[in-house]
Amino acid sequence: MPIDIEAKPLKAQGLDIELINWRGIFAPPRVEGADLDALKAAVDNTVKSQQWKDIVKARGWTDYYAPSDEFKGFIASETERVRTILTSIGLAN
1 MPIDIEAKPL KAQGLDIELI NWRGIFAPPR VEGADLDALK AAVDNTVKSQ
51 QWKDIVKARG WTDYYAPSDE FKGFIASETE RVRTILTSIG LAN
């Protein structure tokens, strides 16, 4: 049963907020050593492949690849940024 809510988008309410849809591959914290190196290499090789580039283009995605340590920092900052936004508009504590 659909819920009929009259609500304007956030920008229409004067909130200049932009959220992006990002993707990632995550592994349990206990993955380490040769297993972690193999996983990092597999992802790195995939995003450098022509097949991946073709998929990105076909789907209209923005190609932003961050290696493991860089992505970890991105996730931390993005989590804090989104938490701050949601708290400021009353959707989080």
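93 is the number that the UniProt record's numbering gives the last residue of the sequence shown; the numbers go up by one with no jumps. We put the CB at the ideal spot given by N, CA and C, even for glycine. The model shown is predicted, which means the values in this text are computed figures rather than measured ones.
Next on the checklist: I need the boundaries of the alpha helix (DSSP H) containing S88, first residue and last residue.
Outcome noted: Walking along the sequence shown from the start, residue 88 turns up at place 88. First-last of the alpha helix (DSSP H) with S88: 68-88.
Checklist entry - Nearest-angstrom Cα distance between S68 and D35? => result For this step, residue 68 is matched to residue 68 along the sequence shown. For this step, residue 35 is matched to residue 35 along the sequence shown. Just so you know, the alpha carbons of S68 and D35 end up roughly 14 Å apart.
Item to check | Beta-carbon gap between L10 and I17 smaller than 7 Å | outcome: The residue labelled residue 10 in the question sits at position 10 within the sequence shown. The residue labelled residue 17 in the question sits at position 17 within the sequence shown. Going by C-beta atoms, L10 is nearer than 7 Å to I17.
Item to check | K53 - DSSP class collapsed to helix/strand/coil | outcome: The sequence position of residue 53 within the sequence shown is 53, counting from 1. DSSP places K53 in helix when its eight states are reduced to three.
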